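Asks:
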Amino acid sequence: MRIIERAKAWWAFALAASAVPTSYLIAMPCGGACFGCPMGGSCFLAYPILVALALGAKGLRFSRRLVKKIKP
Amino acid sequence: MNSIETLIKNKWRYISFVAGFFLFVAPFALFTRAVYLIVGNTAEPTLHSVCYRMPIDWIFGGRFYSIFGSSWFMAAFVFGVIISSIFLGAAFCGWLCPVGGVSEAISRAVPIPNKFRLRIRDTKLTVSLRYGFLVGFIIVAALVGYKLASDQLGSICCRYCSSAVLQNLASALFGNLSAIEYWQSGAIMSLLFWLVIGGLFMSGGRGWCLFFCPLGAISGLAHKAGAKLGFYRVEHRPEACTGCKRCQDLCPMWAIKQDHNVERTLCVNCKECVSACKAYKLLRGRKIADN
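These protein sequence lines map, in sequence, to chains A and R. The first sequence begins at 708 in this note's numbering and counts up one residue at a time. The second sequence begins at 4 in this note's numbering and counts up one residue at a time.
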């Protein structure tokens with residue numbers, strides 16, 4: 708269990724450490740001008756979509772717990 | 004405890020945030036203005052004059068000499084905040100920082116139920132993400148500083164800068180409309196993550212501080228070192244704990260672990276847990292909470 712927890716923490720660390728350079732390099736073609744990149748400004752949509760997915764997952768968990776409570 | 008109760012119990016902290024705004028953000032920038040007056044600097048001070056991130060970017064980007072140049076005040080301010088964190092905890096983040104203060108205030112003021120807000124309960128995961136992002140910041144600073152990557156977008160700290168966004172919004176509010184060129188993709192993404200996602204849709208409203216502020220992350224390390232040496236810290240007393248977990252909901256930095264102990268690298272010394280619950284106590288010296 709401890710090993711899994713540690714692996715999870717190291718995975719999160721590696722993911723975060725690589726996300727910053729990646730996002731910086733991905734943004735390079737746009738040169739700071741929005742919608743000027745090959746992705747057509749989709750980075751703006753990426754954040755809200757990620758948050759919506761996370762909130763959706765949270766809501767799903769919440770409703771599952773609610774259903775379990777209602778069940779006799 | 005509702006928002007009004009929290010506001011009343013921690014009134015000095017919220018008053019301090021307002022003071023922080025007037026001390027560091029232009030057109031007021033009273034603290035910077037006073038220092039500039041003393042040293043005879045004629046420049047117009049803004050929040051950028053005490054940039055939290057540029058000296059860190061310079062150091063890891065191989066431009067050590069910049070901290071001794073004309074921007075010495077900026078470097079002195081950043082190192083002052085880090086050193087003070089050893090003795091007082093990350094008090095600047097928790098009490099004065101206008102960037103964290105604005106996003107936290109917006110989060111407290113807008114009544115979105117907690118079930119619609121994100122929160123990571125596992126503090127180890129939060130710490131991993133926080134320091135992962137710090138390492139990413141250092142990698143980009145080094146890549147750009149040592150010319151291993153194109154500097155087309157400028158340094159990492161200027162491209163994604165919540166302080167600059169706040170300064171531009173404040174300037175616009177007080178009649179000096181920002182240049183339209185400022186609102187490039189990096190600025191809009193910073194605004195989106197700092198105020199909307201990190202502020203409104205993250206529990207406590209400090210998403211930016213938690214994950215993207217290098218000064219906050221380094222101050223957290225300084226606080227942890229200081230607490231180990233016996234300086235200022237918050238301790239949990241299990242014998243007074245009822246296990247209600249209200250402290251976990253109140254902590255804006257998600258610093259309360261599942262066993263109710265405080266994760267020092269995340270704690271900003273806001274004392275919300277101390278004012279809400281008898282199980283938390285401020286300590287100085289090497290004694291432990293049970294004594």
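For each residue, glycine too, the CB sits at the ideal point set by N, CA and C. What you are looking at is a predicted structure, and each value in this text was computed from that prediction instead of being measured.
Taking a Cβ distance cut-off of 8 Å, strictly less, list which residues of the segment 206 to 238 of chain R are near chain A, in chain order.
Replies: Cβ contacts with chain A come from Phe-214.
Asks: Compare the C-alpha of R:Tyr-1 against each of R:Cys-54, R:Lys-284, R:Ala-279 and R:Pro-30 and name the closest.
Replies: The structure shown has nothing for residue 1 of chain R, since chain R only spans 4 to 294.
Asks: Sort R:His-263, R:Gly-23 and R:Leu-286 by Cα distance to R:Val-102 and report the nearest one.
Replies: Answer by Cα proximity: R:Gly-23.
Asks: Quick check on DSSP: helix, strand or coil for R:Ile-109?
Replies: Reduced to three states, the DSSP call for R:Ile-109 is helix.
Asks: Measure the CB-CB distance between R:Gly-229 and R:Ile-89 and report whether it falls below 9 Å.
Replies: Yes, the pair counts as a contact, with Cβ atoms nearer than the cut-off.
Asks: Between the alpha carbons of A:Val-774 and R:Lys-248, how many angstroms are there, rounded?
Replies: Each residue's Cα considered, the two are about 24 Å apart.
Asks: Please classify R:Trp-15 as buried or exposed, where buried requires at least 16 neighbouring CB atoms within 10 angstroms.
Replies: Answer is exposed; the Cβ neighbour count stays below 16.
Asks: Go ahead and pull the three-state DSSP assignment for R:Met-192.
Replies: Correct three-state label for R:Met-192: helix.
Asks: At a CB-CB cut-off below 7 Å, which residues of chain A make contact with R:Leu-132?
Replies: Within 7 Å Cβ-Cβ: Ala-719 and Ala-723.
Asks: State yes or no: is the C-beta of A:Ile-777 nearer than 8 Å to some heavy atom of the ligand MN?
Replies: In the structure shown, the ligand MN is absent, as is every other ligand, since no ligand is present at all.
Asks: What number of angstroms, rounded off, separates the C-alpha of A:Pro-728 from the C-alpha of R:Pro-241?
Replies: Roughly 42 Å between the two C-alpha positions.
Asks: Using a threshold of 9 Å, state whether the C-beta atoms of R:Ser-106 and R:Gly-223 are closer than that.
Replies: Their beta carbons are not under 9 Å apart, which means R:Ser-106 does not touch R:Gly-223 by this criterion.
Asks: Does A:Lys-715 come within less than 9 Å of chain R when only Cβ atoms are used?
Replies: Interface residue, yes.
Asks: When the Cβ atoms of the segment 163 to 178 of chain R are set against those of the segment 186 to 206 of chain R, are three or more pairs found closer than 8 Å?
Replies: Yes, since at least three Cβ pairs between the segment 163 to 178 of chain R and the segment 186 to 206 of chain R fall closer than 8 Å, the two stretches touch.
Asks: In terms of residue numbering, what span does the alpha helix (DSSP H) encompassing R:Glu-8 cover?
Replies: That run of the alpha helix (DSSP H) goes 6 to 12.
Asks: Name, please, each residue of chain C whose Cβ falls closer than 9 Å to the Cβ of R:Leu-285.
Replies: Reference to chain C is not applicable here, since the protein chains of this structure are A and R.
Asks: Note down, in chain order, each residue of its chain lying with its Cβ closer than 8 Å to the Cβ of R:Arg-122, except the 5 sequence neighbours on either side.
Replies: Closer than 8 Å at Cβ, skipping near neighbours: Met-205, Ser-206, Gly-207 and Trp-257.
Asks: Let's test the definition: count the other Cβ atoms within 10 Å of the Cβ of R:Leu-232 and tell me whether it reaches 16, buried, or not, exposed.
Replies: With fewer than 16 Cβ atoms within 10 Å of its Cβ, R:Leu-232 is classed as exposed.
Asks: Could you tell me which of R:Trp-98, R:Glu-47 and R:Phe-71 sits nearest to R:Val-84, measuring between CA atoms?
Replies: Measuring from the Cα of R:Val-84, the nearest candidate turns out to be R:Trp-98.
Asks: Return yes when the Cβ of R:Cys-96 is within less than 9 Å of the Cβ of R:Cys-254, no when it is not.
Replies: No; because the gap between Cβ atoms is not below 9 Å, this pair is not in contact.
Asks: Would A:Val-727 pass as an interface residue toward chain R - the criterion being a Cβ-Cβ separation below 9 Å?
Replies: Judged by the 9 Å Cβ criterion, A:Val-727 is in contact with chain R.
Asks: For R:Ile-85, return the contacting residues in chain A, with the cut-off set at a CB-CB distance below 9 Å.
Replies: The contacting residues do not exist; R:Ile-85 stays about 21 Å from chain A at best.
Asks: According to DSSP, is A:Arg-772 helix, strand or coil?
Replies: If DSSP states are grouped into helix, strand and coil, A:Arg-772 belongs with the helices.
Asks: Since I believe R:Ala-93 is in contact with R:Val-271 (beta carbons under 8 Å), could you give me their beta-carbon distance rounded to a whole number of angstroms?
Replies: Confirmed, about 5 Å.
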